[in-house]
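Student:
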Amino acid sequence: MRMRGVLLLVFVAMGWLSFSQSQTTISERFGDVPLSRALPQLSKDYGLEIFYLPEWLEGIVIDAEIDQKPPAEALNILLRETTISVEQLSPSVFILFAEDRLVDRNYSVALKGQVLDGKTGEAIANALVGIKELAVGSPTDAAGNYTLDVPANTYIVSVSGLNWGSTEQVVELYDDKRLDFELFAETVQLEDVIISAEASEENLTSTNTGRVTLQLESIRKLPALMGEVDISRIVQSLPGVQSVGEGSSGFNVRGGSIDQNLVLMDGIPILNSSHLLGLFSVFNPDLIDNFTVLKGSIPAHYGGRASSVIAVDLQEPDTEKFSLSGGVGPVSNKLSMNVPVNEDFALLLGGRYSNPSWILGLVQDPDIQETAASFADANVKARYQLNPNNVLGISGYWSEDFYDIGQDSIFRYSTVALSGEWIQNISDHWFTSIESYWTQYRASLTDEDERQGFDYENGTTSTGLKIKANYVPNEDLTSNAGVDLKFSQYLLGEVQPEGASSIGSNDFGEEFSTEMAIFGEISYKLTDRMTATGGLRYSSFFRRDVTNQLVFDSEGPKSPFTVVDTLSYNGSRNLYNFWEPRVAFSYRLDQQSSVKGSLTRSVQYEHLFSNSTASLPTDLWRPSSENIVPQVSDQVSLGYFRNLSNNKLEASVEVYYKRLPQLNVMRTGANVMQNETLDADILEGEGRSYGVEIFLKKPVGRMTGWVSYTLSRTENRVANRFREDQINDGDFFLADFDRPHNLNISGSLKLGRLWTMSGNFVYFTGRPVTVPVSSYTLNGLRILTINERNNIRTPDTHRLDLSWTLEGSNKKNARWKNSFTFSLYNVYARANPFSVFVTAVDNVSPQAFKLTVLGNVIPSFTYNFKF
4 MRMRGVLLLV
14 FVAMGWLSFS
24 QSQTTISERF
34 GDVPLSRALP
44 QLSKDYGLEI
54 FYLPEWLEGI
64 VIDAEIDQKP
74 PAEALNILLR
84 ETTISVEQLS
94 PSVFILFAED
104 RLVDRNYSVA
114 LKGQVLDGKT
124 GEAIANALVG
134 IKELAVGSPT
144 DAAGNYTLDV
154 PANTYIVSVS
164 GLNWGSTEQV
174 VELYDDKRLD
184 FELFAETVQL
194 EDVIISAEAS
204 EENLTSTNTG
214 RVTLQLESIR
224 KLPALMGEVD
234 ISRIVQSLPG
244 VQSVGEGSSG
254 FNVRGGSIDQ
264 NLVLMDGIPI
274 LNSSHLLGLF
284 SVFNPDLIDN
294 FTVLKGSIPA
304 HYGGRASSVI
314 AVDLQEPDTE
324 KFSLSGGVGP
334 VSNKLSMNVP
344 VNEDFALLLG
354 GRYSNPSWIL
364 GLVQDPDIQE
374 TAASFADANV
384 KARYQLNPNN
394 VLGISGYWSE
404 DFYDIGQDSI
414 FRYSTVALSG
424 EWIQNISDHW
434 FTSIESYWTQ
444 YRASLTDEDE
454 RQGFDYENGT
464 TSTGLKIKAN
474 YVPNEDLTSN
484 AGVDLKFSQY
494 LLGEVQPEGA
504 SSIGSNDFGE
514 EFSTEMAIFG
524 EISYKLTDRM
534 TATGGLRYSS
544 FFRRDVTNQL
554 VFDSEGPKSP
564 FTVVDTLSYN
574 GSRNLYNFWE
584 PRVAFSYRLD
594 QQSSVKGSLT
604 RSVQYEHLFS
614 NSTASLPTDL
624 WRPSSENIVP
634 QVSDQVSLGY
644 FRNLSNNKLE
654 ASVEVYYKRL
664 PQLNVMRTGA
674 NVMQNETLDA
684 DILEGEGRSY
694 GVEIFLKKPV
704 GRMTGWVSYT
714 LSRTENRVAN
724 RFREDQINDG
734 DFFLADFDRP
744 HNLNISGSLK
754 LGRLWTMSGN
764 FVYFTGRPVT
774 VPVSSYTLNG
784 LRILTINERN
794 NIRTPDTHRL
804 DLSWTLEGSN
814 KKNARWKNSF
824 TFSLYNVYAR
834 ANPFSVFVTA
844 VDNVSPQAFK
854 LTVLGNVIPS
864 FTYNFKF
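Using our numbering, the first residue of the sequence shown is number 4, and each one after it goes up by one.
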């Protein structure tokens with residue numbers, strides 16, 4: 004069949020050019036011979052290609068004599084007593100049609116099948132299967148399945164995928180047919196740098212607003228802090244995403260706080276997405292396959308966060324061949340390998356270690372110059388093909404951070420996590436997935452003061468299970484449904500004295516919670532122009548406490564002095580239940596443009612309380628309770644999307660409005676660490692965020708990259724009935740993460756066969772901070788007074804980064820590949836502010852100070868290799 008397809012493609016391309024050269028004539032005598040035997044005999048004797056369905060010939064017996072006739076006339080003679088007609092495609096290629104099929108050539112047939120990795124046999128998701136003549140296509144689902152319903156005819160079917168090769172095949176579709184394809188990974192990209200993993204028109208046809216999917220391979224050459232590609236910084240360059248501060252990996256999406264982002268690594272929730280207090284990302288770039296940012300319409304199977312989802316997928320282990328890759332530099336060192344065990348089982352291993360002490364010596368703050376810091380992390384991933392329809396995957400992660408600030412204080416962070424996934428392909432239309440995980444996060448602070456030293460530790464442990472069934476009957480309809488469970492334990496803080504310290508031990512206890520949800524979603528192509536998606540999630544929250552819950556006097560403000568009782572509970576109790584509807588649509592205006600809209604409700608049951616914008620061990624994760632309400636987010640998005648220059652440019656404009664009717668806001672000046680009455684300092688408020696996002700992307704060509712600009716506003720309000728429980732007299736005030744203007748320009752230029760130059764420029768408005776406006780002296784002590792929350796802004800931030808990459812070789816079949824990257828972070832040494840604070844110097848007068856973490860040019864050199 005493959006040879007027939009190749010021959011047919013050749014003859015169609017040549018047309019009738021060779022007809023004049025054909026001198027074939029047929030002379031045969033058939034006496035009472037079954038037609039099913041006569042046609043194969045002609046094909047064999049005269050080199051003809053004749054396509055038909057065998058059932059059309061059943062019971063037909065012919066009696067005919069052919070004398071020196073061309074093939075087309077000869078076939079008409081054989082078929083003159085039947086209802087079958089002949090269509091000639093080339094001098095030796097013919098297609099037969101039964102009469103009912105000849106009358107109506109517009110009947111539909113289904114082409115379905117699976118796209119697989121030609122080496123490993125693994126299913127390839129998001130590959131595009133298209134019909135060239137009709138300009139239609141369908142992406143494969145998570146199990147690699149596709150379905151196309153098209154009018155009966157002969158077509159050229161093309162299959163392609165980002166970082167994969169492509170293939171074409173001529174297919175005669177006159178009845179339903181199953182056809183599987185194999186693709187092979189492309190190991191080298193010579194000219195084009197593809198930014199998006201989506202099909203060329205996926206940005207127009209999908210119903211996803213505020214969604215960006217990126218392959219890390221396509222942006223590996225962009226400049227990065229300290230010579231390493233950082234997913235968090237790539238995410239921050241997208242519209243609607245803003246940085247917490249210079250040198251930090253924390254990010255805020257459409258005005259949300261850091262804890263409102265659901266960050267997943269192979270399905271594992273990551274609570275702290277940074278190393279070394281924000282200088283590095285926890286994701287090893289050499290192991291990443293792709294990552295997706297969801298900030299508008301969020302699928303119903305995701306829950307537990309109010310702002311966004313960042314889903315990072317690690318590479319799948321290759322069962323065919325061993326490979327080794329790594330990088331060596333003055334800051335970060337890494338090594339990873341793929342180990343095939345047998346044809347069904349393979350392992351992916353990777354690790355990193357960093358000790359950037361010399362970089363910290365460049366920081367302007369003398370205290371930071373005296374610090375010592377290091378981190379290490381490791382990943383392991385296993386893939387086992389149980390049988391053609393069942394795949395089992397296991398992923399593990401470990402990390403450890405050490406940070407000595409040089410003043411007898413040592414910070415430590417650690418994460419240990421494990422996840423598993425079982426995907427079962429039940430049929431062409433059904434497949435299921437079962438995902439589970441276990442993760443433990445711990446943060447500690449050691450104060451080595453001889454008289455008041457102590458060890459402090461807090462953290463969380465979570466176990467989750469998600470079962471999802473997917474039903475895809477055709478290319479116009481996709482659906483899924485399932486259940487989502489999460490069990491969490493929160494260590495609220497434990498203090499132990501250090502050495503001969505006078506500090507006493509203290510245990511703030513533990514809290515336990517359970518989140519349960521059922522979900523379902525369906526996406527349907529209503530017309531040729533319009534597709535709609537509807538989803539619903541119903542979530543429930545349960546608590547089981549070991550600690551006592553504070554009860555405050557309802558006739559007074561919340562404070563340690565208005566606690567009237569503490570309640571103890573036995574067993575689990577249901578505190579909250581929420582419906583979370585999610586709808587979205589896409590309407591195709593023409594071939595180049597579309598309009599999309601979405602409405603999404605998200606509910607968050609666990610919260611991060613902090614005294615700093617950076618990640619610190621004093622930050623505390625806690626679940627909802629009678630005193631801590633779930634955070635609720637209602638968001639509406641509307642966008643216009645347009646492709647230009649034959650899909651070489653993609654542009655979009657999105658507007659959004661987000662309302663948070665339930666929000667937890669910490670009281671001004673409240674302390675998180677070792678606060679036994681923290682509930683009294685957590686106030687219930689509300690928030691709102693709105694803005695416009697402009698995105699222009701060039702995904703192909705010698706020069707690639709994107710420009711994003713966001714104009715936004717984020718505000719909160721705490722207007723309780725008691726004045727003591729209000730902030731700014733109950734009026735809206737700027738949120739900690741309000742940055743009205745945010746501009747990012749990222750690009751890469753192929754200078755030659757081996758050289759690539761990349762650049763990145765960022766500009767954003769300073770963030771609001773709270774500073775005193777006056778002071779007075781009481782008993783010889785200077786007291787600073789504050790009139791409003793977030794009453795000034797830090798100075799604006801802008802920075803330029805550059806990098807140059809030299810490929811050691813771009814030969815496709817080279818077994819050893821290497822590259823050299825030289826980068827400059829903060830080229831013109833801008834002293835961008837991390838924060839602004841005010842203190843009373845010598846107890847005389849208050850003065851303002853700007854804290855700059857990275858105010859120098861930071862060069863870096865990295866050697867990367869792959870075998």
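A virtual CB, placed ideally from N, CA and C, is assigned to each residue, including glycine.
1. Quick one: is V567 buried, meaning 16 or more other Cβ sit within 10 Å of its Cβ, or exposed?
2. Could you have a look at P57 and say whether DSSP puts it in helix, strand or coil?
3. So who's on the other strand from Q455, going by DSSP bridges?
4. Taking the straight line between their C-alpha atoms, what separation do you get for A446 and N650?
5. How many angstroms separate the CA atom of I697 from the CA atom of P242?
6. Flag this pair as touching only if the stretch 530-544 and the stretch 587-598 have three or more C-beta atom pairs under 8 Å; answer yes or no.
7. Looking at the secondary structure, which residues open and close the alpha helix (DSSP H) in which E76 lies?
8. Run through DSSP, which three-state label would Y49 get?
9. Do you know how far the Cα of L666 is from the Cα of I159?
10. Buried or exposed for F187, going by 16 or more other Cβ atoms inside 10 Å?
11. From the DSSP output, in three-state form, read off V879 for me.
12. Is D144 buried or exposed, if buried means 16 or more other CB atoms sit within 10 Å of its CB?
13. Of the choices F405, D479, L699, Q499, whose alpha-carbon is the least far from that of L652?
14. Name the DSSP beta bridge partners of W425, please?
15. Quick check on the burial criterion: 16 or more other C-beta atoms within 10 angstroms. Buried or exposed for S209?
16. May I have the straight-line CA-CA distance separating G253 from A309, to the nearest angstrom?
17. From S505 to D804, what distance separates their C-alpha atoms?
18. Using 8 Å as the cut-off, can you tell me whether the stretch 482-493 makes contact with the stretch 284-301, which would need three or more C-beta pairs spanning the two stretches below that distance?
19. Check whether the Cβ atoms of L114 and L182 lie closer than 8 Å to each other.
20. Is R108 helix, strand or coil by DSSP?
21. Looking at A128: is its Cβ nearer than 8 Å to the Cβ of G147?
22. May I have the straight-line CA-CA distance separating L663 from E518, to the nearest angstrom?
23. Specify the secondary structure class of G574 as computed by DSSP and reduced to three states.
24. Does DSSP put Q677 in a helix, a strand or coil?
25. Taking the beta strand (DSSP E) that I521 falls in, what are its first and last residues?
26. If we ignore side chains and look at the alpha-carbon of each, how far apart do I234 and Y177 end up?
27. Is S749 closer than 8 Å to G811 when the C-beta atoms are compared?
28. Is the separation between the beta-carbon of V606 and that of P633 shorter than 8 Å?
29. Measuring alpha carbon to alpha carbon, tell me which of V675, K701, D799, Y779 ends up nearest V772.
30. Judging by CA-CA distance, which residue of G733, G121, S778, V64 is the nearest neighbour of K324?
31. With H, G and I counted as helix, E and B as strand and the rest as coil, what does DSSP make of F864?
32. Can you give me the C-alpha to C-alpha distance between S163 and V132, rounded to a whole angstrom?
33. Which of the three DSSP states is assigned to R833 in this structure?
34. Near Q388, what residues of its chain come up, given a Cβ to Cβ distance below 7 Å and the 5 sequence neighbours on each side ignored?
35. Measure the Cβ-Cβ separation of Y440 and G270 and say whether it is below 8 Å.
36. Using the DSSP secondary-structure output, state which residues sit across from T800 in a beta bridge.
Tutor: In brief:
1. A residue is called buried when at least 16 other Cβ atoms come within 10 angstroms of its Cβ; V567 does not meet this threshold and is exposed.
2. DSSP places P57 in helix when its eight states are reduced to three.
3. Partner(s): none; Q455 has no beta bridge.
4. Here the C-alpha atom of A446 lies approximately 47 Å from the C-alpha atom of N650.
5. The C-alpha of I697 lies about 7 Å from the C-alpha of P242.
6. The way I'd put it, the stretch 530-544 does touch the stretch 587-598; three or more beta-carbon pairs between them come closer than 8 Å.
7. For E76, the enclosing alpha helix (DSSP H) starts and ends at 74-81.
8. Three-state DSSP puts Y49 in a helix.
9. The straight-line gap from Cα to Cα measures roughly 55 Å.
10. When all chains shown are included, F187 counts as exposed.
11. This structure leaves residue 879 out entirely; the chain is present only between 4 and 870.
12. Buried, since its Cβ has 16 or more Cβ neighbours within 10 Å.
13. Selected option, being the one with the closest Cα: L699.
14. BP columns for W425 point to L395, I437.
15. With 16 or more other Cβ atoms within 10 Å, it is buried.
16. For the pair G253 and A309, the Cα-to-Cα distance works out to about 16 Å.
17. Cα to Cα, S505 sits roughly 49 Å from D804.
18. Because the criterion of three Cβ pairs below 8 Å is not met, the stretch 482-493 and the stretch 284-301 do not touch.
19. For L114 and L182, yes; Cβs fall inside 8 Å.
20. Confidence in R108 is poor, its pLDDT being 46 and thus under 50, which makes the residue's placement too unreliable to answer from.
21. In this structure, G147 lies closer than 8 Å to A128 by Cβ.
22. Roughly 20 Å separates the two Cα atoms.
23. When DSSP states are grouped into helix, strand and coil, G574 belongs to the coil group.
24. Three-state result, Q677: coil.
25. Residues 513-528.
26. Their backbone Cα atoms lie some 48 Å apart in a straight line.
27. For the 8 Å CB-CB criterion, G811 and S749 do not form a contact.
28. Going by C-beta atoms, V606 is nearer than 8 Å to P633.
29. Ranking the options by Cα distance to V772, first place goes to D799.
30. Closest option to K324, Cα to Cα, is G121.
31. Strand.
32. Our two residues, S163 and V132, have alpha carbons roughly 7 Å apart in a direct line.
33. Here R833 carries a coil assignment [DSSP, helix/strand/coil].
34. Closer than 7 Å at Cβ, skipping near neighbours: G124, D347, V394.
35. Their beta carbons are under 8 Å apart, which means Y440 touches G270 by this criterion.
36. DSSP, once it has assigned bridges, lists F767 as partnering T800.
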